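A short worksheet on the structure shown next.
In the numbering used here, the protein residues as written are 354 to 804.
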């Protein structure tokens, strides 16, 4: 109780902070970066290097009310087929821009619902990607799979294309909660999908589950987590539901008076967290869990854990190229984002130009602060020696930055040998501590509850 009171005094239950899957965060992107920058940054890649590729499919058969992603509903194949042609054209443009010998260390199909594609469409998309670049040794190909939108024919194509990791969204298994958030997906449907995925030789499984949903209680989240554990996922993302109906209009369908309080959200998170830990999952950062032999756990122990737009990753590539409407790319030079609207993205590609509408060019200070925030989010500490070795920053300036963050959270952080550590009791504050190193205007939209 004393710890919760201290957390409350520091603003945990009131603060709105970024999730820091990038730095600076997307609301700070500007039109000063455009398609020409994107093309030149691609051309500047080292020949023979490995990159990550993200392919965005923004369509869903139905729009879940809780979701704040850029998606659009469709009941027919025609808009999906037209969009696939745009993706194929964009991939050809990318191939022409890439230096020789590029390979893929990671490939991820996200959405939306990538499994909305027919088997024939999936085969076309996989072939178009393979024509751009081959997989690197030990590459990972993951696909977001909706258990309501998958069958044997689709799984057969995905497995043949090299999919070796599947990702499923669970959210919650409780019937009342599912009806309230507009996501009907029973346990039996999910279990059958998982069994089918594994029957095709795909044994690595990611799962997402939410806390902070309407009508959610400790008893209900306990039951949902236990059902999820029975499916034996390798990785679990335990995300906090962000209720932002002013940004995501569909969330207006969700009754705000049924949402848990910030204090109750923390209790829901702690209840789920303890269940994963009791089942011998390693805690990865602030909201992920993984089996002891999973790549995330291994990367965390080795100090190689990283953070990107999909959350935590063990991918070591410093280049992520996003294909499709609204996709974000990351280069050593900065970020770029494609046109968010499908129509605008389609128009640009059909005119033979990349659809990048905004982005951000890194400054040396951005890179330093980005690495500090990543250390905090991944390792709960700031390693001064690594920063002094990797960045042109005076030791006194770095220590002043750490001192300032330490003073903002009195009695909560540890300082040893010039480093900063976040003890377990203070870890609910992690995103707020990371915010202390954010030099940008924090009033920008796009932030969510700190817990």
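Positions of the beta carbon are idealized from the N, C-alpha and C atoms, including for glycine. Note that this is a predicted model, so its numbers are computed, not measured.
Practice task
Pull up the CB-CB distance for residue 406 and residue 681, whole angstroms please, since I reckon it's below 8 angstroms.
Solution key: Not quite, the Cβ-Cβ distance comes to about 13 angstroms (not below 8 angstroms), so this is no contact.
Practice task
List the whole-angstrom C-beta distance separating residue 458 from residue 670, where the pair is believed to meet the contact cut-off of C-beta under 8 angstroms.
Solution key: Sure, about 5 angstroms apart at Cβ, within 8 angstroms.
Handout entry: Close beta carbons around residue 789, own chain, < 6 angstroms, minus the five adjacent residues each side
Key = 758, 761.
Problem - Stretch pair the stretch 479–497 + the stretch 508–517: three plus CB contacts closer than 8 angstroms - result: Output reads yes: the stretch 508–517 touches the stretch 479–497.
Handout entry: In DSSP terms, what residue 767 is bridged to
Key = According to DSSP, which records beta bridges pairwise, residue 767 is partnered with 774.
Handout entry: Environment of residue 718 [buried if 16+ CB atoms lie within 10 Å]
Key = The residue in question, residue 718, is exposed, as its Cβ has fewer than 16 Cβ neighbours within 10 Å.
Problem - Meets three-Cβ-pair contact criterion under 8 angstroms: the stretch 531–551 and the stretch 406–420 - result: Yes: the two stretches touch, three or more of their Cβ pairs being nearer than 8 angstroms.
Exercise for the section: Over the uninterrupted alpha helix (DSSP H) stretch that includes residue 404, give me the two end residues. Expected result: Membership of residue 404 in any alpha helix (DSSP H) is not indicated; the residue belongs instead to the beta strand (DSSP E) covering 403–410.
Handout entry: Burial state of residue 431, where buried means 16 or more other Cβ atoms lie within 10 Å
Key = Counting Cβ neighbours within 10 Å, residue 431 comes out exposed, since fewer than 16 surround it.
Handout entry: Bridge partners - residue 642, DSSP secondary structure assignment
Key = Under DSSP, residue 642 shares a beta bridge with 589, 636.
Problem - Rounded distance between the beta-carbons of residue 604 and residue 596, thought under 8 angstroms - result: Residue 596 to residue 604, Cβ: 6 angstroms. Contact.
Exercise for the section: Go ahead and label residue 630 buried or exposed: buried means 16 or more other beta carbons lie within 10 angstroms of its beta carbon, across all protein chains shown. Expected result: For residue 630, the number of other beta carbons within 10 angstroms of its own is below 16, and it is reported as exposed.
Practice task
Please name the residue, chosen from 439, 565, 378, that lies closest to residue 706 on a Cα-to-Cα basis.
Solution key: Selected option, being the one with the closest Cα: 439.
Problem - Helix, strand or coil at residue 622 [DSSP, three-state] - result: Reduced to three states, the DSSP call for residue 622 is helix.
Exercise for the section: In the DSSP assignment, find the unbroken beta strand (DSSP E) run with residue 432 in it and report its ends. Expected result: Note, residue 432: premise wrong, no beta strand (DSSP E); alpha helix (DSSP H) at 431–450.
Problem - Own chain residues within Cβ distance below 8 angstroms of residue 386, not counting five before or after - result: Excluding residues within five positions, the ones whose Cβ falls inside 8 angstroms are 687, 688, 689, 709, 711, 712, 713, 714.
Exercise for the section: Please classify residue 380: is it buried, with 16 or more other beta-carbons within 10 angstroms of its beta-carbon, or exposed? Expected result: Burial call: exposed.
Problem - For residue 386, the first and last residue of its enclosing alpha helix (DSSP H) - result: For residue 386, no alpha helix (DSSP H) run applies, since DSSP gives it neither H nor E.
Practice task
Give the range of the alpha helix (DSSP H) segment to which residue 780 is assigned.
Solution key: Where residue 780 is concerned, there is no enclosing alpha helix (DSSP H), given that its DSSP letter is neither H nor E.
Practice task
Would you list the one or two residues that DSSP bridges to residue 661?
Solution key: In the DSSP output, where bridge partners are listed per residue, residue 661 has 664.
Exercise for the section: Below 6 angstroms CB to CB, which residues in the same chain sit around residue 462 once its five sequence neighbours on both sides are set aside? Expected result: Non-local C-beta neighbours of residue 462 in its own chain, meaning closer than 6 angstroms and more than five positions away in sequence, comprise 408, 496, ordered along the chain.
Handout entry: Separation of residue 467 from residue 435, as counted between CA atoms
Key = Their backbone Cα atoms lie some 14 angstroms apart in a straight line.
Practice task
Would you give the residue range spanned by the beta strand (DSSP E) that residue 561 belongs to?
Solution key: Start and end: 557–564.
Problem - Simplified DSSP assignment, three categories, for residue 688 - result: Strand, per DSSP.
Practice task
Taking 9 angstroms as the cut-off, decide whether the C-beta atoms of residue 591 and residue 525 are in contact.
Solution key: The answer is no: Cβ separation not under 9 angstroms.
Practice task
Grab the span of the alpha helix (DSSP H) containing residue 578 for me, first residue to last.
Solution key: According to the DSSP assignment, residue 578 belongs to the alpha helix (DSSP H) that extends over 571–582.
Handout entry: Endpoints, the beta strand (DSSP E) within which residue 602 is located
Key = Note, residue 602: premise wrong, no beta strand (DSSP E); not H, not E.
Practice task
Classify residue 700 as helix, strand or coil using the three-state DSSP reduction.
Solution key: Reduced to three states, the DSSP call for residue 700 is helix.
Problem - Burial state of residue 397 (16 or more Cβ within 10 Å) - result: Looking at its Cβ environment, which holds fewer than 16 other Cβ atoms inside 10 Å, residue 397 is exposed.
Handout entry: Validate contact between the stretch 642–656 and the stretch 773–792 using beta carbons, cut 8 angstroms, 3 pairs
Key = Verdict: no, contact absent.
Handout entry: Rounded straight-line distance, which links the Cα of residue 803 to that of residue 370
Key = Straight-line Cα distance between these residues: approximately 6 angstroms.
Practice task
Give me the Cα-Cα distance between residue 608 and residue 598, rounded to the nearest whole angstrom.
Solution key: Roughly 10 angstroms between the two C-alpha positions.
Practice task
Just mark residue 487 as buried or exposed, buried being the case when its beta carbon has 16 or more other beta carbons within 10 Å.
Solution key: Exposed is the call here.
Exercise for the section: Say whether chain C places a C-beta atom closer than 9 angstroms to the C-beta of residue 507. Expected result: Of the chains in the structure shown, none is chain C; there is only one protein chain.
Exercise for the section: Check whether the stretch 571–588 touches the stretch 617–632, counting contact only when three or more Cβ pairs, one atom from each stretch, lie closer than 8 angstroms. Expected result: At 8 angstroms Cβ cutoff, the stretches touch.
Practice task
Name the two residues that bound the continuous beta strand (DSSP E) containing residue 497.
Solution key: Element bounds for residue 497: 488–498.
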